[in-house]
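These notes concern the structure reproduced below.
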Amino acid sequence: MSQLAERPPRKSVRKGSPPAATTRPARRPGQTLARWRRDRLLLLLAAPGVLVVLVFHYLPLLGNVIAFKGYLPFLTIAESPWVGLDNFQVIFSGDPLFVNALTNTLIITLIQVLFVFPLPLALALLLNEVISERLKRIVQSVLYMPHFLSWVIVVALFQQILGNAGMVNTLLREHDMTTFSIIGVPELFEVLITSQVIWKDTGWGTIIFLAAISRVDTSLYEAAAMDGAGALRRMWHVTLPAIRSVFILLLILRLGDALTVGFEQIILQQGAVGATASEVLDTYVYNHGIVGGNWGQAAAVGLTKGVISVLLVLGANTLAHKFGERGVYQK
Amino acid sequence: MRGLILTIGCAVVILPFLAVVSTSLATQEEVTENGGFVLLVREPTLASYQAILSGGVVTRALLISIIVTIAGTLLSLACTIGLAYALSRPGSLGSRPILLAVLFTMLFSPGMIPMYLVVKQLGLLDNLLALILPVLINAFNVIVMREFFLDIPDELMESARIDGANDLRILVRIVLPLSKAVISVIGLFYAVGYWNAFFNALLYISSPEKWPLQLVLRTYVVNETPMGVDQVSAGSDSLPPQLSIQMAILVISVVPILLVYPFLQKHFTKGLMIGAVKG
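From first to last, the protein sequence lines stand for chains A and B. One point on numbering: in my numbering, the residue at position 186 of the first sequence is 242, and numbering is uninterrupted. One point on numbering: in my numbering, the residue at position 40 of the second sequence is 921, and numbering is uninterrupted.
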């Protein structure tokens, strides 16, 4: 992090050094053939990657046509008959299973944006106050770690610790205290998955805030201290404004994912609590389409979800520009 | 107060692991005595590990996970380096549209059903390649690596070019040796991804004998399907406690992550920041 802060701003370095132009002349019309010959090795190097991106990112985009088709697994996509917007009926006619999935998704998103999203910032502010550099690094190492575990591992750990036969309840039972069950209880499903998300990713989320904090000009703190600002006021008037744009950037990205709430995490625990409490849009697409065989309808839901997500990011970004923030990309 | 919160935070992360490792090492008596979990094991035994690693379901899944992780990581790195390098040479043919096309994949995901259909049309269902090819390229990693390549002084490559080196030679002789740090981090990111892959395995792999470790973990630990003697291994008649076996599977799937974690940790903040600042 500190290395990054010390590095000179790259843009100006690049601008100040024109050698790029000497070895690789800027685009000149009519020279495509010459450029092709010059760059053929580069193109060859890029080819496998480009191929993968085309086949596994852009070809599936085309595959979304099955949202408008009556696809059956024994027909090819081309052979399947067009059905217009019929598959979108599940969305517009308010199919109860779909509405349930949508409602759950929105509730979970709301909970996560309100309660989970600000946590890394709070933790980063806490970590920032730790004076000893060594201690800070140890704490960071420990708190980042769960991010690298798979959801299967996290869910398994939670079950073993908090499950009805898990460690905590066993301990409580031994001491004749009332046990509590959080796993497999539909009413507590949101609490369960939220606490799992917090456990897994709060520490990891601090990285970006800590980096932003480390780049705050220290003379601002000194000036504020001279003017008699205490630690809390310095945090409020110096640190927080300085990292506002990072915060807003992450918020926009999170909002773009508003309709995506952990597929792996939820599908793993769906058996225990049932679909009513746990079905979200992604699990609906999986259960309704791949498991249930309603390919076209599931693809229609997936496509709508993807389009809305992109619109959400673009919309939130425009809003950020209106408020004078940089946003995800510049205008 | 701050110290207290941070201590509790660390304890919440560490204690579950302690319990899991201890239980995996416990004997039947100790498990029964504790009514389940063992926080600090008194007489550690490797019986559970011996049982699951002597040629049963877990051994096979472990091998599959290792193969997929190694092959996948190498392929991913090769493709990512090639793409990132081509995109980092200023003014190279087609680099702008390709860069935009790669960036765009970060914004829009094609959707589960079309993805499944593509994998199916390519004949990759129930093939271990389905765990590798769809996730071979991660746009974020390409961008991070490209940024790193852009930071290498142009003068180095220029002088090599004057000496008659072509792009491939420059990549191998100059760029790669200077990029060991970023290559190792991105490689580890890919490796962790392949090791943890659950979603793709669930979607594309149907025969149990091709299951990677994460699916075995889900079946026998999360869903608590009991393991019979034939699933565990051949030839041992007295099985270690079921709970210890489950915890041993859990430990085995965590250990590789814990082993690479310190190396990962050294570099990831820097790598992540490059991507975040530019992204």
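All C-beta atoms, glycine included, are put in the ideal place defined by N, C-alpha and C.
Whole-angstrom distance between residue j and residue i, CA atom to CA atom
{"i": "V186 of chain A", "j": "I962 of chain B", "result": "38 Å"}
{"i": "I263 of chain A", "j": "A180 of chain A", "result": "8 Å"}
{"i": "L920 of chain B", "j": "L899 of chain B", "result": "7 Å"}
{"i": "A333 of chain A", "j": "S149 of chain A", "result": "21 Å"}
{"i": "L191 of chain A", "j": "V949 of chain B", "result": "37 Å"}
{"i": "V901 of chain B", "j": "L934 of chain B", "result": "18 Å"}
{"i": "R63 of chain A", "j": "G222 of chain A", "result": "Residue confidence is low: R63 of chain A scores 40 on pLDDT, short of 50, so the model does not pin down where it sits. Its coordinate-derived value is still stated next. Cα-Cα distance, rounded: 50 Å."}
{"i": "F303 of chain A", "j": "V1141 of chain B", "result": "30 Å"}
{"i": "G358 of chain A", "j": "V341 of chain A", "result": "6 Å"}
{"i": "A967 of chain B", "j": "A331 of chain A", "result": "47 Å"}
{"i": "I889 of chain B", "j": "V198 of chain A", "result": "12 Å"}
{"i": "N1077 of chain B", "j": "L205 of chain A", "result": "7 Å"}
{"i": "N1081 of chain B", "j": "K1091 of chain B", "result": "13 Å"}
{"i": "D1032 of chain B", "j": "L1010 of chain B", "result": "34 Å"}
{"i": "E278 of chain A", "j": "L288 of chain A", "result": "14 Å"}
{"i": "L177 of chain A", "j": "Q215 of chain A", "result": "28 Å"}
{"i": "P1089 of chain B", "j": "G1109 of chain B", "result": "15 Å"}
{"i": "L1145 of chain B", "j": "E246 of chain A", "result": "32 Å"}
{"i": "E381 of chain A", "j": "L89 of chain A", "result": "43 Å"}
{"i": "Y997 of chain B", "j": "F319 of chain A", "result": "15 Å"}
{"i": "T78 of chain A", "j": "A285 of chain A", "result": "Because T78 of chain A sits at a pLDDT of 43, beneath the cut-off of 50, its placement in the model cannot be relied upon, and the following sentence gives the value as read from the coordinates. Their backbone Cα atoms lie some 54 Å apart in a straight line."}
{"i": "S275 of chain A", "j": "E189 of chain A", "result": "20 Å"}
{"i": "A907 of chain B", "j": "Y930 of chain B", "result": "11 Å"}
{"i": "G327 of chain A", "j": "T165 of chain A", "result": "21 Å"}
{"i": "D389 of chain A", "j": "Y200 of chain A", "result": "Since the first residue shown for chain A is 57 and the last is 387, residue 389 of chain A is missing from the structure and cannot be characterised."}
{"i": "F954 of chain B", "j": "A372 of chain A", "result": "Position check: residue 954 of chain B holds Thr in this sequence, whereas Phe was assumed. Taking the straight line from one Cα to the other gives about 35 Å."}
{"i": "N343 of chain A", "j": "P129 of chain A", "result": "16 Å"}
{"i": "E1238 of chain B", "j": "P104 of chain A", "result": "Because chain B here runs from 882 to 1160, residue 1238 of chain B falls outside it and cannot be looked at."}
{"i": "Y127 of chain A", "j": "S365 of chain A", "result": "25 Å"}
{"i": "G972 of chain B", "j": "I269 of chain A", "result": "36 Å"}
{"i": "G137 of chain A", "j": "F236 of chain A", "result": "Contrary to the premise, residue 137 of chain A reads as Pro rather than Gly in this sequence. Roughly 53 Å between the two C-alpha positions."}
{"i": "P1143 of chain B", "j": "L956 of chain B", "result": "23 Å"}
Residues that DSSP places opposite residue i in a beta bridge
{"i": "W138 of chain A", "result": "A:K125"}
Residue j beta carbon less than 8 Å from that of residue i
{"i": "D1007 of chain B", "j": "S946 of chain B", "result": "no"}
{"i": "L1131 of chain B", "j": "L1083 of chain B", "result": "no"}
{"i": "Q909 of chain B", "j": "P1107 of chain B", "result": "no"}
{"i": "V146 of chain A", "j": "A356 of chain A", "result": "yes"}
{"i": "V329 of chain A", "j": "G240 of chain A", "result": "yes"}
{"i": "L884 of chain B", "j": "L958 of chain B", "result": "Contrary to the premise, residue 884 of chain B reads as Gly rather than Leu in this sequence. Not closer than 8 Å, so no."}
{"i": "P1137 of chain B", "j": "G119 of chain A", "result": "no"}
{"i": "V1073 of chain B", "j": "F1029 of chain B", "result": "no"}
{"i": "G352 of chain A", "j": "I122 of chain A", "result": "yes"}
{"i": "I1013 of chain B", "j": "A965 of chain B", "result": "no"}
{"i": "V369 of chain A", "j": "I322 of chain A", "result": "no"}
{"i": "L324 of chain A", "j": "V1103 of chain B", "result": "yes"}
{"i": "A157 of chain A", "j": "V336 of chain A", "result": "yes"}
{"i": "L896 of chain B", "j": "L182 of chain A", "result": "no"}
{"i": "V1066 of chain B", "j": "P202 of chain A", "result": "no"}
{"i": "S1134 of chain B", "j": "L1096 of chain B", "result": "no"}
{"i": "T926 of chain B", "j": "L1124 of chain B", "result": "no"}
{"i": "C960 of chain B", "j": "V195 of chain A", "result": "no"}
{"i": "T226 of chain A", "j": "F918 of chain B", "result": "yes"}
{"i": "R254 of chain A", "j": "V172 of chain A", "result": "One detail in the question is off: residue 254 of chain A reads as Ile in this sequence, not Arg. Yes."}
{"i": "I1024 of chain B", "j": "M1038 of chain B", "result": "no"}
{"i": "I217 of chain A", "j": "V208 of chain A", "result": "no"}
{"i": "I238 of chain A", "j": "L248 of chain A", "result": "yes"}
{"i": "Y1101 of chain B", "j": "Q1127 of chain B", "result": "yes"}
{"i": "E911 of chain B", "j": "E924 of chain B", "result": "yes"}
8 Å Cβ cutoff, residue i in contact with chain E
{"i": "S188 of chain A", "result": "Structure shown: chain E not included; protein chains present are A and B."}
(message) My parser needs the alpha helix (DSSP H) runs of 4 or more residues fully inside the region 264-340 of chain A; what are they?
(response) 274-282, 287-290, 300-312, 319-329, 331-334
(request) Check whether the region 92-99 of chain A touches the region 989-1002 of chain B, counting contact only when three or more Cβ pairs, one atom from each stretch, lie closer than 8 Å. (result) no
(message) Whether or not the region 100-114 of chain A and the region 1002-1020 of chain B are in contact is what I'm after, with contact meaning three or more pairs of Cβ atoms, one per stretch, closer than 8 Å; do they touch?
(response) yes
(message) Under 8 Å, with one C-beta from each stretch per pair, do the region 109-129 of chain A and the region 980-990 of chain B reach the 3-pair mark?
(response) yes
(request) Report the residue ranges of all alpha helix (DSSP H) runs contained in full by the region 891-978 of chain B; include only those spanning at least 4 residues, in chain order. (result) 909-915, 928-933, 938-969
(message) At 3 residues or longer, what runs of the beta strand (DSSP E) sit wholly inside the region 985-1015 of chain B?
(response) none
(message) Whether or not the region 314-331 of chain A and the region 159-167 of chain A are in contact is what I'm after, with contact meaning three or more pairs of Cβ atoms, one per stretch, closer than 8 Å; do they touch?
(response) yes
(message) Runs of 4 residues minimum, wholly inside the region 153-218 of chain A: which ones carry the alpha helix (DSSP H) assignment?
(response) 175-185, 189-200, 207-218
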